[in-house]
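**Student:** There's a structure below that I have some questions on.
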Amino acid sequence: MTVEEREQRWAEAMRAERRGEAVPYERMLKEVATALRRSLAPRLVRVSLGAHEADDLVQEILIGLHRKRHTWDPARPFLPWLHTITRYKLIDFMRHRRGDTRRRVDLALHLAVLPVSQRKIVRAIAVEGASVRNVARGLATSEGAVRVTLHRAIRRLLAAADPTPTIESPSRNEHDKDR
Amino acid sequence: MTRTDDLIRSLASTAGTQRSASLQGAFAVTGAASLACALLLVFSVIGIRQDFAEMAVRLPFAFKVVYTGALVVGTSVVALHAATPGASATALYAISPAVIFLACGAIFDPTAFPIMGRTNTAVAFCVGGILFVSLPAMVLTFVFMRKGAPTQPLFAGAVIGILSASLGAMAYTLACKNDGTAFVATWYTAACAIMAFIGAVVGHRVLRW
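Each protein sequence line maps, in turn, to chains B and A. Throughout the first sequence, residue numbering follows the numbering used here, covering 1 to 179 in sequence. Throughout the second sequence, residue numbering follows the numbering used here, covering 1001 to 1209 in sequence.
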């Protein structure tokens, strides 16, 4: 498809959508998704994001297109409109992912103060959201032992975050509530 | 892949359900309501000038109306541009008439009106009054902008700020006692700048979609 053909085809599908025709609109969304995946994947690979992220981003763009479709004026070309939305969503997406990456790095730095056994348990429970029981089973130890280790790890993390040694140890009940 | 296909199917199933009220139409309604709110505030809270009939035929009043009017028209065009993805950037030239009026008013002031006003409180009253009467306009325009698709939230917010300030200023001309074009060019513009700043800060937060 040349750019002109694509412009005509998709603009026509957008007009059909306004008349309530779902079939051409659905076909257009599929074509847009394919085209976007093809054009965005290399860009995302360059910032070390994979195919999975490309799919998330394509969905974000499709939702944006759909929710804001009334802002397209049929008298104007469709592709520049779509392009602007794509760029907006791409920038937004990159910004979020960068924030996520930074938080992951921060977390890794904080957890680095822990000995390996404690780090493993904190990561499993607090980061990955596993239950105490599953962690205990995975490490072939008792639930009580996991709780004690987690407790010690949290005290150590708090001590590392705040050097004044006035930390009150939280009760076990509070502990469970937070988890 | 299948997740995306599911999404596409559910999006397509709502084809044709969006009411096709044009962005321009919604904008016109917003503008009219904003001006009405601003006028209402001027009449009810600030009060129009005592010697209104006499003052309304002289040059400073004409300058106020023409300057704020040009600003309203110009920023309206830019606001519609900001709400529409892929719109042509030539819309930005729409504010040039207002800028020319502003420059003329500031440079060729035929009145001998002092730029800081006749009383100590003139500047504060003028800028404060404009900010006050333009607040409803700002809220309404933000509601409109959220219906649109602003891809530069900071810029769209700033434009909303200037638009609502110029609408407010236009209504405020009925109450304004400062008959100097340089005064108006300076302090009306200062009010616009303050609202632009507020709008940009708010827009950055509320205009994401």
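For every residue, glycine included, the Cβ atom is placed at its ideal position computed from N, Cα and C. Values in this document were obtained by computation on a predicted structure and should not be read as measured data.
Any beta carbon of chain A sitting closer than 8 Å to that of E12 (chain B)?
**Tutor:** Cβ-Cβ to chain A under 8 Å: no for E12 (chain B).
**Student:** Are the C-beta atoms of L1007 (chain A) and some chain B residue less than 8 Å apart?
**Tutor:** L1007 (chain A) counts as touching chain B.
**Student:** Taking contact to mean at least 3 C-beta pairs separated by less than 8 Å, is the region 1178–1197 of chain A in contact with the region 1062–1070 of chain A?
**Tutor:** The region 1178–1197 of chain A, when compared against the region 1062–1070 of chain A, does touch it at the 8 Å Cβ threshold.
**Student:** When the cut-off is 8 Å and only beta carbons count, does L1023 (chain A) lie next to chain B?
**Tutor:** Closer than 8 Å: yes.
**Student:** Is I1048 (chain A) close to the ligand SAM? I mean its beta-carbon at under 7 Å from any heavy atom of the ligand.
**Tutor:** For the ligand SAM, the structure offers nothing, since it holds no ligand at all.
**Student:** How many angstroms separate the CA atom of A1156 (chain A) from the CA atom of R1208 (chain A)?
**Tutor:** Distance between the alpha carbons of A1156 (chain A) and R1208 (chain A): 11 Å.
**Student:** What are the start and end residues of each continuous beta strand (DSSP E) run of 3 or more residues lying completely inside the region 19–68 of chain B, in chain order?
**Tutor:** Counting whole runs of 3 or more residues, the region 19–68 of chain B contains no beta strand (DSSP E) stretch at all.
**Student:** Counting only Cβ pairs nearer than 8 Å, list the residues of chain B close to Q1050 (chain A).
**Tutor:** The contacting residues do not exist; Q1050 (chain A) stays about 46 Å from chain B at best.
**Student:** Out of B:R156, B:R103, B:A33 and B:D73, which one is the CA nearest neighbour of Q118 (chain B)?
**Tutor:** Of the listed residues, the one whose Cα sits closest to Q118 (chain B) is B:R156.
**Student:** Apply the 10 Å Cβ neighbour rule to G1180 (chain A) and answer buried if 16 or more other Cβ atoms are within range, or exposed otherwise.
**Tutor:** Buried is the call here.
**Student:** Against chain A, which members of the region 42–62 of chain B pass a CB distance test of less than 8 Å?
**Tutor:** Answer set for the region 42–62 of chain B: D55, V58, Q59 and L62.
**Student:** For A1149 (chain A) versus T71 (chain B), is the C-beta distance shorter than 8 Å?
**Tutor:** Cβ distance < 8 Å, so A1149 (chain A) and T71 (chain B) count as in contact.
**Student:** Please return the same chain residues whose Cβ sits closer than 8 Å to the Cβ of A1053 (chain A), not counting the five positions on each side in sequence.
**Tutor:** Around A1053 (chain A): no qualifying Cβ.
**Student:** Which complete beta strand (DSSP E) runs does the region 1115–1164 of chain A hold, if anything under 3 residues is left out?
**Tutor:** Whole beta strand (DSSP E) segments, 3+ residues: zero.
**Student:** Between B:A136, B:A153 and B:A140, which lies nearest to V146 (chain B) when the distance is taken from Cα to Cα?
**Tutor:** Comparing Cα-Cα distances from V146 (chain B) to each of B:A136, B:A153 and B:A140, the minimum goes to B:A136.
**Student:** Assuming R119 (chain B) is part of the alpha helix (DSSP H), what are its boundary residues?
**Tutor:** Here the alpha helix (DSSP H) through R119 (chain B) covers V116 to V122.
**Student:** What is the rounded straight-line gap between the Cα of L1092 (chain A) and the Cα of T1084 (chain A)?
**Tutor:** For L1092 (chain A) and T1084 (chain A), the distance between alpha carbons rounds to 13 Å.
**Student:** Specify whether the region 109–117 of chain B and the region 88–101 of chain B touch according to this definition: at least 3 beta carbon pairs, one from each stretch, less than 8 Å apart.
**Tutor:** Cβ pair count under 8 Å is below three, so no.
**Student:** With a CB to CB cut of under 8 Å and the five nearest residues on each side skipped, what residues in its chain are close to T1030 (chain A)?
**Tutor:** Taken in chain order, the residues that qualify are L1140, T1141, V1143 and F1144.
**Student:** Please list, in chain order, the residues of the region 1066–1095 of chain A that have any C-beta partner in chain B closer than 8 Å.
**Tutor:** From the region 1066–1095 of chain A, only A1083, T1084, P1085, G1086 and A1087 have a Cβ closer than 8 Å to chain B.
**Student:** At a CB-CB cut-off below 7 Å, which residues of chain B make contact with L1102 (chain A)?
**Tutor:** By Cβ distance, chain B contributes nothing, its closest Cβ being about 31 Å from L1102 (chain A), past 7 Å.
**Student:** On the three-state DSSP scale, how would you describe P80 (chain B)?
**Tutor:** Looking at P80 (chain B) - three-state DSSP - the assignment turns out to be helix.
**Student:** Looking at the secondary structure, which residues open and close the alpha helix (DSSP H) in which S1076 (chain A) lies?
**Tutor:** Segment L1059 to A1083, the alpha helix (DSSP H) holding S1076 (chain A).
**Student:** Assuming I1100 (chain A) and G1074 (chain A) form a contact by the criterion Cβ under 8 Å, report the distance between their Cβ atoms to the nearest whole angstrom.
**Tutor:** Not quite, the Cβ-Cβ distance comes to about 11 Å (not below 8 Å), so this is no contact.
**Student:** Take the Cβ of L109 (chain B) as the centre, count every other Cβ of all protein chains shown within 10 Å, and call the residue buried at 16 or more, exposed below.
**Tutor:** So L109 (chain B) counts as exposed.
**Student:** For L1163 (chain A), decide whether its Cβ has a neighbour in chain B, counting only Cβ atoms nearer than 8 Å.
**Tutor:** Not an interface residue.
**Student:** Closest to A1193 (chain A) by CA distance: which of A:G1128, A:A1171, A:T1173 and A:K1147 is it?
**Tutor:** The candidate whose alpha carbon is nearest that of A1193 (chain A) is A:G1128.
**Student:** Work out the CA separation of G138 (chain B) and C1203 (chain A) for me, nearest whole Å.
**Tutor:** Cys is not the amino acid found at residue 1203 (chain A); the sequence shown has Gly there. Roughly 49 Å between the two C-alpha positions.
**Student:** Of all the residues that make up the region 2–34 of chain B, which are near chain A by a beta-carbon distance shorter than 7 Å?
**Tutor:** The residues in question are E17, R18, R19, G20, E21, A22, Y25, E26, L29, K30 and A33.
**Student:** How is G1047 (chain A) classed by DSSP in three states: helix, strand or coil?
**Tutor:** Residue state, collapsed to three classes: coil.
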